[in-house]
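J.: Here it is, the structure in full.
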Amino acid sequence: MNYNDVNLKHHSIFKYEIILDNFISLTILNMESCFRLTSLQNELGNLASLSTLNISGGSILISLPNELDNLISLTILNMKWCKSLTLLLNKLDNLTSLTTLDISKYSSLTSLPNELGNITSSTILNIMECLDLISLSNELGNLISLTSLNMEWFFRLISLPNELDNLTSLSILNISGSSSFI
1 MNYNDVNLKH HSIFKYEIIL DNFISLTILN MESCFRLTSL QNELGNLASL
51 STLNISGGSI LISLPNELDN LISLTILNMK WCKSLTLLLN KLDNLTSLTT
101 LDISKYSSLT SLPNELGNIT SSTILNIMEC LDLISLSNEL GNLISLTSLN
151 MEWFFRLISL PNELDNLTSL SILNISGSSS FI
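Each residue of the sequence shown is one higher than the one before, counting from 1 in UniProt numbering.
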C-alpha cells in the first residue's frame, strides 16, 4: 500500500494497530481527537517521509515513543490538548525540519525542554494555556526563524527570558492573558 495520508480523526481506538511497514511513504498522519488513545507505536519513528503528525485531543495519551525523534522530515507536530502527557520529547533537536509545534493546553507541562532551542527551522510555536508552565528555556532565543510565538494564559510564569530579544524574525508575539510578568 502506498498511502500518503491516513486520517483517523475522532476514531475510538485505544491503541492503533496499523502495520506501519505498509505505510512507508506516509506523509500525513491525523489522529486528532482519538480520545481513547493511550500510546503510540515505536514503529512510528520509521516513517521517514512523515511531514505532519496531529495527535491533538489525545487527552489520555500518556507518553510519546523516543523513536519520534527519527522523524527528520516532520514539519508540523500538533500535540494540543494532550493533557496527560508526562514528558515532552527530550530529543527534539533531531527534528530539524520542524516548522510548526503546537503544545497548547498541555496542562502537565511545567517547563520547556532545552532541546527545543535547537530546532532553528521553527517558524510557529504555540504554547497557549499551559497552566502549570513555570519557566521558559533561555534556548528559545536560538529559534532565529521563529515568526510567531503564541503564549496566552500563563498564570505561573513569572518572567520571559531575555534571550527572546534574539528572535529578530518574530513578527507575532502573543502574550495576552498573562499578567504576572508584564
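Glycine included, every Cβ here is placed at the ideal spot set by N, Cα and C.
Hey, residue 53 and residue 37: beta-carbon distance below 9 angstroms or not?
T.: On the sequence shown, residue 53 is found 53 positions in, with the first residue counted as 1. On the sequence shown, residue 37 is found 37 positions in, with the first residue counted as 1. Contact: no.
J.: Could you tell me which residues DSSP pairs with residue 108 in its beta bridges?
T.: The residue you call residue 108 lines up with position 108 of the sequence shown. In DSSP, residue 108 forms no bridge with anything.
J.: Helix, strand or coil for residue 95 per DSSP?
T.: Looking up residue 95 in the sequence shown gives position 95. Looking at residue 95 - three-state DSSP - the assignment turns out to be coil, as it is neither helix nor strand.
J.: How would you write the range of the beta strand (DSSP E) that residue 132 sits in, first residue to last?
T.: To locate residue 132, count along the sequence shown from 1; it is residue 132. First-last for residue 132: undefined, no H or E at that position.
J.: Can you tell me whether residue 127 is buried or exposed? The criterion is at least 16 other CB atoms within 10 Å of its CB, across all chains shown.
T.: The residue labelled residue 127 in the question sits at position 127 within the sequence shown. Under this definition residue 127 is a buried residue.
J.: Exposed or buried, what is residue 55 when buried is set at 16 or more other beta-carbons lying within 10 Å of its beta-carbon?
T.: In the sequence shown, the residue the question calls residue 55 occupies position 55. Answer is buried; the Cβ neighbour count reaches 16.
J.: Can you tell me which of the three DSSP states residue 164 falls into?
T.: Counted from its first residue, the sequence shown places residue 164 at position 164. Helix, per DSSP.
J.: By the DSSP assignment, the beta strand (DSSP E) with residue 100 in it spans what residues?
T.: Counting from one through the sequence shown, the residue named residue 100 turns up at place 100. Where residue 100 is concerned, the enclosing beta strand (DSSP E) stretches over 100-102.
J.: Between residue 118 and the rest of its own chain, which residues show a CB-CB distance below 6 angstroms, the 5 nearest in sequence each way excluded?
T.: In the sequence shown, the residue the question calls residue 118 occupies position 118. Excluding positions up to five away in sequence, the list reads 93.
J.: Where does the unbroken beta strand (DSSP E) through residue 148 begin, and where does it stop?
T.: For this step, residue 148 is matched to residue 148 along the sequence shown. Note, residue 148: beta strand (DSSP E), 148-150.
J.: Looking only at DSSP bridge pairs, what is residue 122 linked to?
T.: Here residue 122 corresponds to residue number 122 of the sequence shown, with the count starting at 1. Answer by DSSP bridge pairing: none, since residue 122 is not bridged.
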